[in-house]
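Its first residue numbered 274, the sequence shown is counted upward by one per residue in the working numbering.
All residues carry an ideal CB built from backbone N, CA and C; glycine is no exception.
Model, not experiment: these values are computed from the prediction.
Written out below as structure tokens is the structure these notes cover.
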Amino acid sequence: MALYTDEGGDAVLESLCPRLLFHLDPVSVSVMPGCGYEHQPFVSCLAGLYGCQWRRYQRARAQPGECCCSKVECGSFGLLILTFFLSFVFLYFWSEAQNDYNDFDWFNFGNLGFWFPWSLVLLAVAAALFTYIALLLVLAVCLLSEGQRLYLHWSHKTGIMVTLVFSVTATGILSDLWSKEWKTLQLSLQVTAPFLHVAAVSLMAVLSWPTALHFFRMNKKVRQVVVLALYLSVLFSLYLVPLGMYSPCIKEAGTLGPAPTLIGHRGAPMLAPENTLMSFEKAVESGGGGLETDVTISYDGVPFLMHDSTLRRTTNVAEVFPNRTQLDAAMFTWAEIQQLNAGSWFLLRDPFGTASSLSETDRSQAQNQSVPSLAQFLEVAAASGKLVLFDLRRPPYGHPYRRSYINTTLQVIQAHINSSQVLWLPSEDRALVSGLDPALQQTSGLKASIQELKDDGISRLNLHYSTMSQQQICKLQSVNISTNLYVISQPWLHALAWCAGARSVTTNSVHILSSINQPLFLMTPEEYTLMWILTDFVSAFLIFAIFTFHWWRERGLPFVSGSRHTNDNGPYSKFRTELSDVWSISSVNVRPDLRSSPSSPSGPHLPTITEE
Numbered sequence: 274m275a276l277y278t279d280e281g282g283d284a285v286l287e288s289l290c291p292r293l294l295f296h297l298d299p300v301s302v303s304v305m306p307g308c309g310y311e312h313q314p315f316v317s318c319l320a321g322l323y324g325c326q327w328r329r330y331q332r333a334r335a336q337p338g339e340c341c342c343s344k345v346e347c348g349s350f351g352l353l354i355l356t357f358f359l360s361f362v363f364l365y366f367w368s369e370a371q372n373d374y375n376d377f378d379w380f381n382f383g384n385l386g387f388w389f390p391w392s393l394v395l396l397a398v399a400a401a402l403f404t405y406i407a408l409l410l411v412l413a414v415c416l417l418s419e420g421q422r423l424y425l426h427w428s429h430k431t432g433i434m435v436t437l438v439f440s441v442t443a444t445g446i447l448s449d450l451w452s453k454e455w456k457t458l459q460l461s462l463q464v465t466a467p468f469l470h471v472a473a474v475s476l477m478a479v480l481s482w483p484t485a486l487h488f489f490r491m492n493k494k495v496r497q498v499v500v501l502a503l504y505l506s507v508l509f510s511l512y513l514v515p516l517g518m519y520s521p522c523i524k525e526a527g528t529l530g531p532a533p534t535l536i537g538h539r540g541a542p543m544l545a546p547e548n549t550l551m552s553f554e555k556a557v558e559s560g561g562g563g564l565e566t567d568v569t570i571s572y573d574g575v576p577f578l579m580h581d582s583t584l585r586r587t588t589n590v591a592e593v594f595p596n597r598t599q600l601d602a603a604m605f606t607w608a609e610i611q612q613l614n615a616g617s618w619f620l621l622r623d624p625f626g627t628a629s630s631l632s633e634t635d636r637s638q639a640q641n642q643s644v645p646s647l648a649q650f651l652e653v654a655a656a657s658g659k660l661v662l663f664d665l666r667r668p669p670y671g672h673p674y675r676r677s678y679i680n681t682t683l684q685v686i687q688a689h690i691n692s693s694q695v696l697w698l699p700s701e702d703r704a705l706v707s708g709l710d711p712a713l714q715q716t717s718g719l720k721a722s723i724q725e726l727k728d729d730g731i732s733r734l735n736l737h738y739s740t741m742s743q744q745q746i747c748k749l750q751s752v753n754i755s756t757n758l759y760v761i762s763q764p765w766l767h768a769l770a771w772c773a774g775a776r777s778v779t780t781n782s783v784h785i786l787s788s789i790n791q792p793l794f795l796m797t798p799e800e801y802t803l804m805w806i807l808t809d810f811v812s813a814f815l816i817f818a819i820f821t822f823h824w825w826r827e828r829g830l831p832f833v834s835g836s837r838h839t840n841d842n843g844p845y846s847k848f849r850t851e852l853s854d855v856w857s858i859s860s861v862n863v864r865p866d867l868r869s870s871p872s873s874p875s876g877p878h879l880p881t882i883t884e885e
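Dropping the structure here:
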């Protein structure tokens, strides 16, 4: 089939395209001069991935005045949006909880009896499901931007329901078992909120295109009002969010204090088995300013290092004493404890995913670690001049040192280290301990009034990072009481503690945090205000421009392009043509003898269509 034309025939074609479309057979996509066309491969790909509508006849455009989809599909699209936000909330919640993944995995180990990296698996599943939902939403927005009616395939509807159930269930269970992580999420917003604000406003600017397109095509004022009111309410809410934002890292230049001292939590547990001499030596080598541990008294009165109440998690007690795996660690003699291996579990379970990065020498050393005594630990700290912080477990009933465990521990301290290096954390008999050894730095793990802390001679508070408060830390500093926050292993939490004025932090990642020279996030109020205003202004300008463009386009208003006045029948007609209604033409030409003649009494002739 061919249509003949000569120079100047494009103008005729432009006015004839709508009529020709009814006489031509549909073939694959090509461009007709002067006519709009559907981006066939692009739209086919979108519709195929979203609703399995790979062929053109399977889909339809939303005509002016029509809704973009049926009631069922509107419900599916609304459910998709809801699932997107809920899955994003859970993914953000769980990714920001990464600081405590180790605690979560060991919690499951204690309940299930075997080791598995549940935290990472949960993160991977949440990320995969969110990515899937986000891609579906992108496809839907692109289809709406192309003016297509939405149809979601049933398999995607099933996937949306699975993601929704997973997100709600996982959030509910973790909120019940681990409610303090919501406090972690709130703290994370003090670092991420400025960037989330930029991302959210940018997303609203992108969504303004399909919103404006369908807003101006609606023929019912009620729908228009609802759509515009919903869009603008979300937009203006985002514009005002920064008014309620607070972060200790938004501060005047020159007011940032020194970086907090890093205290190795059970040494350097990412580089060596926790609570072993190798772990503490690694913490010292990595630049730690202090060492933290947990002390238990053996049945024959030797203080040794052990965090758990049993030996099951961090030793091979199941192999050496298979009938005593559930026995309290304090009920073993020091000779029995020395028979245990305290390093092989680290290489086997790899709790932080770092064992594979160790050198052969380090792996061999880790494999042969034993449970150290308090005396051995203090010697490492004394030789390196590091602070010491430890918790002291009282032996169980029936233990011969249940009443004298504090005196026994004090004797070891006074024999192996300068008492001024020790942050004494146990609260029992604090007055007696202070009288026996006044050089100890009395440290409390409980919040109390300033007067109570001063009466007890407290010089430092040891608090969980979730209780972080710049106002409280500054208030305590004014009366010479410093603050240590535990356990902080992520750079963003370290940045918050630094900006808030914490004196020290207990961490699993001394080797990482020691290399940080300034907070991960730090901004002056002026810089943040400028960032906020520019974001809102630029987005508002773009959104206004997009709405203006669609208003002008849908009404076919004339405009000036160069020196030529154009309208609906001119070059802009390619925007006005219904994209999905234009079929391709293999080749077109208009025969010169059929062009309209000025002398023709009947006016311009229609071009003749001939078959080749």
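Separation of residue j from residue i, as counted between CA atoms
| i | j | result |
| --- | --- | --- |
| Leu511 | Val811 | 14 Å |
| Ser582 | Gly445 | 30 Å |
| Tyr374 | Leu410 | 30 Å |
| Pro645 | Gln684 | 17 Å |
| Ala399 | Phe380 | 20 Å |
| Ser303 | Trp825 | In this prediction, Ser303 has a pLDDT of 39, which is less than 50 and means its spatial position is unreliable; nothing more can be read from the coordinates. |
| Val316 | Glu419 | 8 Å |
| Asn680 | Pro576 | 11 Å |
| Phe832 | Phe489 | With a pLDDT of 45 at Phe832, under the threshold of 50, the modelled position of that residue is not reliable, and no figure is offered here. |
| Glu827 | Ile819 | 12 Å |
| Ile806 | Pro798 | 12 Å |
| Pro546 | Asp601 | 21 Å |
| Val414 | Leu396 | 27 Å |
| Trp427 | Cys325 | 9 Å |
| Glu888 | Ser787 | One cannot answer for residue 888 here, as it falls past the ends of the chain, which runs 274 to 885. |
| Asp376 | Asn753 | 32 Å |
| Leu412 | Thr404 | 12 Å |
| Ser707 | Gln744 | 29 Å |
| Leu450 | Ala443 | 11 Å |
| Ser692 | Glu554 | 20 Å |
| Arg292 | Pro467 | Note on Arg292: pLDDT 39, under 50, position unreliable in the model; no value is reported. |
| Trp327 | Trp455 | 44 Å |
| Thr682 | Ala608 | 18 Å |
| Pro314 | Tyr424 | 18 Å |
| Leu402 | Ala320 | 21 Å |
| Ser677 | Ser571 | 12 Å |
| Val661 | Tyr670 | 28 Å |
Supposed close pair residue i, residue j - CB separation, criterion 8 Å
| i | j | result |
| --- | --- | --- |
| Asn757 | Ser777 | 4 Å |
| Val557 | Ser632 | Val557 to Ser632, Cβ: 18 Å. No contact. |
| Met804 | Leu460 | With 8 Å as the limit, Met804 and Leu460 do not qualify as a contact, their Cβ atoms being about 21 Å apart. |
| Leu359 | Leu437 | 6 Å |
| Thr808 | Val471 | 5 Å |
| Ser769 | Gln497 | According to the sequence provided, residue 769 is Leu. The question's Ser does not apply to it. 45 Å between Cβ atoms; not a contact. |
| Thr779 | Tyr759 | 4 Å |
| Pro521 | Ala773 | 4 Å |
| Leu698 | Phe663 | 7 Å |
| Lys659 | Gly561 | 7 Å |
Identity of the residues DSSP links to residue i by a beta bridge
| i | result |
| --- | --- |
| Ser646 | Phe577 |
| Gly537 | Leu564, Thr780 |
| His737 | Tyr759 |
| Phe663 | Thr566, Trp697 |
| Thr797 | According to DSSP, Thr797 bridges with nothing at all. |
| Gln714 | Leu696 |
Test: residue i CB closer than 9 Å to a CB of chain C
| i | result |
| --- | --- |
| Asp449 | In the structure shown, chain C does not exist; there is a single protein chain. |
Hey, is the stretch 782-790 in contact with the stretch 522-538, meaning 3+ C-beta pairs nearer than 8 Å? yes
Within the chosen definition, does the stretch 745-763 reach the stretch 494-513 through at least 3 CB pairs nearer than 8 Å? no
Taking only runs that begin and end inside the stretch 593-644, name each unbroken alpha helix (DSSP H) of 4 or more residues, in chain order. 607-610, 617-622, 633-640
Considering only residues of the stretch 479-549, which uninterrupted alpha helix (DSSP H) runs meet the minimum length of 4 residues and lie entirely inside it, listed in chain order? 494-513
The stretch 353-373 contacting the stretch 755-772, beta-carbon criterion three pairs below 8 Å: yes
Kindly confirm or deny that the stretch 559-569 and the stretch 638-653 touch, where touching means at least three C-beta pairs closer than 8 Å. yes
Below 8 Å, can you find three or more Cβ-Cβ pairs linking the stretch 622-631 to the stretch 520-535? no
Would the stretch 583-599 and the stretch 609-629 be scored as touching if the rule is three or more Cβ pairs under 8 Å? yes
Within the stretch 324-401, note down every full alpha helix (DSSP H) run reaching 4 residues or more, in order along the chain. 344-369, 374-385
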